[in-house]
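If you're matching them up, the sequences are chains A and B in order. Mind the numbering: the first sequence is residues 74 to 429 in our numbering, read in order. Mind the numbering: the second sequence is residues 242 to 684 in our numbering, read in order. Idealized CB from N, CA, C, for every residue including glycine. On a predicted model such as this, the values are computed, not experimentally measured, just so you know.
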Amino acid sequence: MTASTFLIELRKVSKRFGSVEAVRELSLAVPRGSLFALLGASGCGKTTVLRLVAGLEKPDSGEVKLNGRTVAAPGVWVPPEARRVGMVFQDYALFPHLTVAANIAFPLNGVSSTDRRVRVAELMALVGLDGLGDRYPHQLSGGQQQRVALARALAPRPEIVLLDEPFSNLDAGLRQSMRAEVRDILRRAGATTIFVTHDQEEALSLADIVAVMNAGAIEQVGAPAELFALPATRFVAEFLGGSFFLPAVVTARGVETEIGCAAQGTAWPPGMEVDMLVRPDDLTLRVEPGGAARIESGVFRGDVYIYQVRLASGRMVRCFGPHFERYAPGTAVTVELTPGHPLACFPRQKTESPSS
Amino acid sequence: MPAYVAAACWLIVFRRGGLLETVYRQWTGAPLGSLPLPDLYTLPGAALIISLCVFPYVYLPAASALRSISRSLEDAARVAGRSAWGTFREVTLPLILPAVTAGALLVGLYVLSDFGTVVLLQYRTFTVSIFRQFAGQTDRAAASILSLFLIGLTLPLVLGELRLNRRERRLNVGQTRRPPEVLRLNGWRWPALGAVTLVAGLALFFPFAVLSGQTLQGLLFPTEVDRIWSVGNEGVWVHGRNSVMVAGTAATLALALAFAPVYLDARFPSRWTRLLLAACKMPYALPGLIAGLSFVMFLNQWVNFLYGTVAALVLAFTFRLMPQALATNEAVLRSVPLSLEQAARTLGQTGWGAFWRVTLPVAAPGVIASWALAFIAAMKELPTAILLRPPGFDTLPVSIWSAADERVYTQAAPPALLLIMLTLIPLAWVYSRQTTPVRDLPE
Numbered sequence: 074m075t076a077s078t079f080l081i082e083l084r085k086v087s088k089r090f091g092s093v094e095a096v097r098e099l100s101l102a103v104p105r106g107s108l109f110a111l112l113g114a115s116g117c118g119k120t121t122v123l124r125l126v127a128g129l130e131k132p133d134s135g136e137v138k139l140n141g142r143t144v145a146a147p148g149v150w151v152p153p154e155a156r157r158v159g160m161v162f163q164d165y166a167l168f169p170h171l172t173v174a175a176n177i178a179f180p181l182n183g184v185s186s187t188d189r190r191v192r193v194a195e196l197m198a199l200v201g202l203d204g205l206g207d208r209y210p211h212q213l214s215g216g217q218q219q220r221v222a223l224a225r226a227l228a229p230r231p232e233i234v235l236l237d238e239p240f241s242n243l244d245a246g247l248r249q250s251m252r253a254e255v256r257d258i259l260r261r262a263g264a265t266t267i268f269v270t271h272d273q274e275e276a277l278s279l280a281d282i283v284a285v286m287n288a289g290a291i292e293q294v295g296a297p298a299e300l301f302a303l304p305a306t307r308f309v310a311e312f313l314g315g316s317f318f319l320p321a322v323v324t325a326r327g328v329e330t331e332i333g334c335a336a337q338g339t340a341w342p343p344g345m346e347v348d349m350l351v352r353p354d355d356l357t358l359r360v361e362p363g364g365a366a367r368i369e370s371g372v373f374r375g376d377v378y379i380y381q382v383r384l385a386s387g388r389m390v391r392c393f394g395p396h397f398e399r400y401a402p403g404t405a406v407t408v409e410l411t412p413g414h415p416l417a418c419f420p421r422q423k424t425e426s427p428s429s
Numbered sequence: 242m243p244a245y246v247a248a249a250c251w252l253i254v255f256r257r258g259g260l261l262e263t264v265y266r267q268w269t270g271a272p273l274g275s276l277p278l279p280d281l282y283t284l285p286g287a288a289l290i291i292s293l294c295v296f297p298y299v300y301l302p303a304a305s306a307l308r309s310i311s312r313s314l315e316d317a318a319r320v321a322g323r324s325a326w327g328t329f330r331e332v333t334l335p336l337i338l339p340a341v342t343a344g345a346l347l348v349g350l351y352v353l354s355d356f357g358t359v360v361l362l363q364y365r366t367f368t369v370s371i372f373r374q375f376a377g378q379t380d381r382a383a384a385s386i387l388s389l390f391l392i393g394l395t396l397p398l399v400l401g402e403l404r405l406n407r408r409e410r411r412l413n414v415g416q417t418r419r420p421p422e423v424l425r426l427n428g429w430r431w432p433a434l435g436a437v438t439l440v441a442g443l444a445l446f447f448p449f450a451v452l453s454g455q456t457l458q459g460l461l462f463p464t465e466v467d468r469i470w471s472v473g474n475e476g477v478w479v480h481g482r483n484s485v486m487v488a489g490t491a492a493t494l495a496l497a498l499a500f501a502p503v504y505l506d507a508r509f510p511s512r513w514t515r516l517l518l519a520a521c522k523m524p525y526a527l528p529g530l531i532a533g534l535s536f537v538m539f540l541n542q543w544v545n546f547l548y549g550t551v552a553a554l555v556l557a558f559t560f561r562l563m564p565q566a567l568a569t570n571e572a573v574l575r576s577v578p579l580s581l582e583q584a585a586r587t588l589g590q591t592g593w594g595a596f597w598r599v600t601l602p603v604a605a606p607g608v609i610a611s612w613a614l615a616f617i618a619a620m621k622e623l624p625t626a627i628l629l630r631p632p633g634f635d636t637l638p639v640s641i642w643s644a645a646d647e648r649v650y651t652q653a654a655p656p657a658l659l660l661i662m663l664t665l666i667p668l669a670w671v672y673s674r675q676t677t678p679v680r681d682l683p684e
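Right, here's the structure in full:
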């Protein structure tokens with residue numbers, strides 16, 4: 074049963090390199106047909122997870138199952154060439170001595186030459202590289218190289234595709250357009266995909282399911298919106314999106330902070346002291362001569378101004394202001410908590426409590 | 242280790258009436274010629290000895306090419322369905338092939354221009370014929386014609402090497418690094434280790450042991466010592482001093498002369514600087530013997546007063562070292578980013594100030610390393626020294642060669658040992674500083 078719903082399964086997999094424990098008893102299940110993101114800071118072990126799935130690393134313990142078949146477990150080892158996965162490497166790993174067409178045809182071993190030509194032509198059309206088959210990798214732009222790498226990974230029609238930081242080598246503008254395009258191509262190919270990234274925006278915008286990794290373990294798995302709105306741990310909360318914490322107390326009508334009250338997304342009992350996770354978009358900033366808060370500084374982001382505001386308690390918060398008007402430092406303002414949705418709260422951390 | 246020294250070592254041990262046979266006969270009392278010995282005066286003999294000396298020309302580029310292959314390429318091949326062997330065959334091998342081929346071409350060039358080894362092994366090659374023609378004074382025209390033929394033979398090798406080098410550079414696309422996978426050899430471990438040890442032993446430890454043994458023997462049996470020291474009373478130490486002096490001066494001169502064209506090309510590149518650089522690199526294609534011969538003829542014809550002086554010898558060495566000095570200087574200067582100099586300019590330095598206070602200090606370790614390499618090359622240079630040394634002014638290679646040529650091998654050993662020691666010190670220094678940008682140059 075699980076074999077049909079989860080295409081990729083890891084059970085309590087560990088992997089250490091010397092004294093570094095890269096992956097710690099990690100379990101993971103990727104549903105068939107999904108686009109699954111492993112999100113984490115560099116060095117958190119996310120690439121190692123990918124390489125464990127591909128068979129480029131052998132787990133020290135635990136079990137890896139692909140499509141219901143055990144490929145790594147104590148006493149069981151299926152080498153990478155027999156796993157039928159496609160992989161796009163961070164540096165694309167295009168063979169510099171082969172043309173684009175030969176690179177794409179590389180995994181098509183044992184396929185008749187006519188079939189191979191047809192498949193290569195098909196893939197070149199799919200990734201939009203028509204007519205570049207005779208070029209060499211170094212004659213291509215970064216975006217083109219990435220398309221070749223993707224086409225090569227998809228060539229043998231793998232059920233599983235792994236992408237290692239696929240967009241990190243592209244410049245910002247190209248990254249945006251390639252994301253949408255790659256997502257489209259993967260959907261059309263019908264592959265189940267794991268991709269690894271350190272860019273939360275990339276993970277949230279691209280994936281169906283996001284797993285946030287920290288120090289070799291998964292902190293939280295869920296749909297992007299769910300993760301963003303209700304992070305399960307402080308780590309996830311801090312990792313996702315310019316957030317900060319406000320000290321608050323749980324009461325009967327909600328959670329009280331110095332700038333207002335909001336519903337909690339958690340279920341802490343009344344009277345408990347908590348830290349509430351707040352993002353700039355949860356706050357409303359108004360210029361008011363009698364306001365207790367003061368603008369400290371402002372940064373223009375294009376669509377909004379982002380202000381550092383000092384509250385009456387001395388605590389700093391970040392707020393958005395309209396892009397057509399700039400408030401000078403020292404301007405008296407009021408800040409109000411207006412989230413419009415329940416906010417995540419975490420038990421108060423002593424080091425985080427206000428000094429006053 | 243110069244090939245002619247290795248050849249002398251092999252002859253010491255394996256020739257008829259050599260060390261091995263003498264020992265064998267002392268132990269068994271067998272008559273002369275009863276022990277089957279490999280015949281070194283043949284093509285296989287010469288080929289084996291030279292191969293053992295020149296394998297670094299292939300080994301070093303192949304090793305650095307292997308190191309430069311991004312691991313992800315091999316990983317990609319595995320994921321694409323290739324076994325470990327298939328990956329090696331279809332990805333690794335094609336990627337290091339240009340470097341290996343370039344190394345092989347260098348070997349070809351070396352062998353074509355080699356002189357000392359083939360003379361000792363009495364194997365008649367172009368260089369030997371040219372030398373005999375010239376030394377016998379029989380026919381200078383014949384020597385010149387033979388030389389032209391030899392240059393004709395070396396030219397395709399040089400051009401091929403240049404082309405491969407250019408292609409290799411193109412293949413090196415920037416890639417992220419990941420430490421290579423270490424394979425477990427299991428049962429193959431000992432055979433593999435044995436093969437490596439055998440090559441290293443034959444190429445390095447064997448000649449070294451032979452030379453040390455011979456020198457010791459010379460020291461322990463006074464008759465031999467007398468003969469060594471009786472050569473004008475001064476012997477190896479004087480030859481050693483001569484060698485160091487000439488090689489040091491020539492290396493310094495070559496490096497200084499090579500700096501200007503390289504600097505011009507690195508900082509103000511134009512068609513002319515490239516042409517200048519190419520012209521300066523030309524002597525690279527010339528076998529040492531021919532370069533020496535042309536120098537002799539040139540001096541005889543036009544600047545006779547220099548002929549037979551130490552100055553002429555130093556000049557000829559400098560000329561020989563130019564291509565190498567250019568290549569290493571180029572590598573060093575390219576490693577100093579232009580932006581450093583520009584930063585110095587924006588901080589108020591003049592062009593000269595920036596050069597003196599920034600470029601030169603940054604490049605200094607590399608410059609010293611290239612000086613050491615040039616010095617080593619000059620120390621080993623044989624044909625130029627044979628042709629141009631003033632009477633009575635022997636260098637170490639010359640005294641090794643003349644002793645070995647006369648088959649008085651016991652006399653060849655001490656200068657050979659000294660030569661190896663003197664070149665080993667700067668070499669060890671260069672290799673101990675892995676940060677130097679100088680490209681691995683084979684000994």
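Beta-carbon neighbours of residue i, restricted to chain B and to distances below 9 Å
i, result
"A/Asn182", "Ala321, Gly322, Arg323, Gly327"
"A/Val137", "None at all; the shortest Cβ gap to chain B is about 15 Å."
Distance, residue j Cα to residue i Cα
i, j, result
"B/Thr342", "B/Tyr300", "11 Å"
"A/Arg248", "A/Asn242", "9 Å"
"B/Trp429", "B/Pro302", "25 Å"
"B/Pro279", "B/Met242", "22 Å"
"A/Ala405", "A/Pro362", "6 Å"
"A/Arg421", "A/Arg307", "11 Å"
"B/Leu312", "A/His170", "Checking the sequence shown, residue 312 of chain B turns out to be Arg, not Leu. Those two C-alpha atoms are separated by around 15 Å."
"B/Val214", "B/Ala306", "Examination of residue 214 of chain B is not possible in this model, given that chain B is present from 242 through 684 alone."
"A/Met160", "A/Val234", "6 Å"
"B/Ser687", "B/Met662", "For residue 687 of chain B there is no data in the structure shown, the boundaries of chain B being 242 and 684."
"A/Glu409", "A/Leu358", "7 Å"
"B/Ala345", "B/Leu403", "13 Å"
"A/Pro297", "A/Ala222", "27 Å"
Under 7 Å from the C-beta of residue i: neighbouring residues of chain A
i, result
"B/Val332", "Phe168"
"B/Ser311", "Asp164, Ala166"
"B/Leu314", "Ala166, Phe168"
Cross-chain neighbours of residue i in chain B, by beta carbon under 7 Å
i, result
"A/Phe240", "What A/Phe240 touches in chain B: nothing, since even the nearest Cβ is about 15 Å away."
"A/Glu109", "Residue identity check: residue 109 of chain A is Phe in the sequence provided, not Glu. Here the premise fails: no neighbours, minimum Cβ distance about 18 Å."
"A/Glu154", "Arg319, Gly322, Arg323, Ser324"
"A/Phe179", "Ala321"
Whole-angstrom C-beta distance between residue j and residue i, which should lie under 8 Å
i, j, result
"A/Phe393", "A/Asp354", "6 Å"
"A/Leu123", "A/Val86", "No, A/Leu123 and A/Val86 are not in contact; Cβ-Cβ is about 12 Å, not under 8 Å."
"B/Glu582", "B/Val599", "6 Å"
"B/Pro391", "B/Tyr282", "The sequence given here has Leu at residue 391 of chain B, not Pro. B/Leu391 to B/Tyr282, Cβ: 22 Å. No contact."
"A/Val351", "A/Leu416", "7 Å"
"B/Ala499", "B/Met563", "6 Å"
"A/Glu232", "A/Thr265", "6 Å"
Residue i: CB within 7 Å of a non-hydrogen atom of the ligand PLP
i, result
"A/Glu346", "As far as ligands go, the structure on display features none, and thus does not contain the ligand PLP."
Contact list for residue i against chain A, beta-carbon separation under 9 Å
i, result
"B/Leu336", "Phe168, Pro169, His170"
Q. Are the region 306–321 of chain A and the region 386–403 of chain A touching, with three or more C-beta to C-beta distances below 8 Å?
A. By the criterion of at least three beta-carbon pairs nearer than 8 Å, the region 306–321 of chain A is in contact with the region 386–403 of chain A.
Q) Just checking, does the region 294–312 of chain B make contact with the region 249–257 of chain B on the three C-beta pairs under 8 Å criterion? A) no
Q.
My parser needs the alpha helix (DSSP H) runs of 4 or more residues fully inside the region 323–354 of chain B; what are they?
A. 325–328, 334–354
Q: Please go through the region 185–242 of chain A and give each complete beta strand (DSSP E) segment of 3 or more residues, from N-terminal end onward.
A: 233–237
Q: Would you check if the region 271–288 of chain A and the region 94–114 of chain A touch, i.e. whether three or more CB-CB distances between them fall below 8 Å?
A: yes
Q) For the 8 Å Cβ check, are there 3 or more pairs between the region 434–453 of chain B and the region 656–666 of chain B? A) yes
Q | Runs of alpha helix (DSSP H) wholly within the region 568–621 of chain B (minimum 4 residues, chain order) | A | 579–587, 592–595, 601–621
Q) Do three or more CB pairs link the region 348–355 of chain B to the region 389–403 of chain B at distances below 8 Å? A) yes
Q. Would the region 91–111 of chain A and the region 149–166 of chain A be scored as touching if the rule is three or more Cβ pairs under 8 Å?
A. In the pairwise beta carbon analysis, the region 91–111 of chain A is classified as not touching the region 149–166 of chain A: fewer than three pairs are separated by under 8 Å.
Q | Inside the region 330–381 of chain A only - beta strand (DSSP E) runs reaching at least 3 residues | A | 333–335, 346–351, 356–360, 366–373
**Q.** Continuous alpha helix (DSSP H) assignments of at least 4 residues falling wholly in the region 260–316 of chain B
**A.** DSSP runs (the alpha helix (DSSP H)) wholly in the region 260–316 of chain B: 260–269, 284–309.
Q) So, do the region 314–328 of chain B and the region 168–185 of chain A have three or more beta carbon pairs nearer to each other than 8 Å? A) Result yes; three or more Cβ-Cβ pairs closer than 8 Å.
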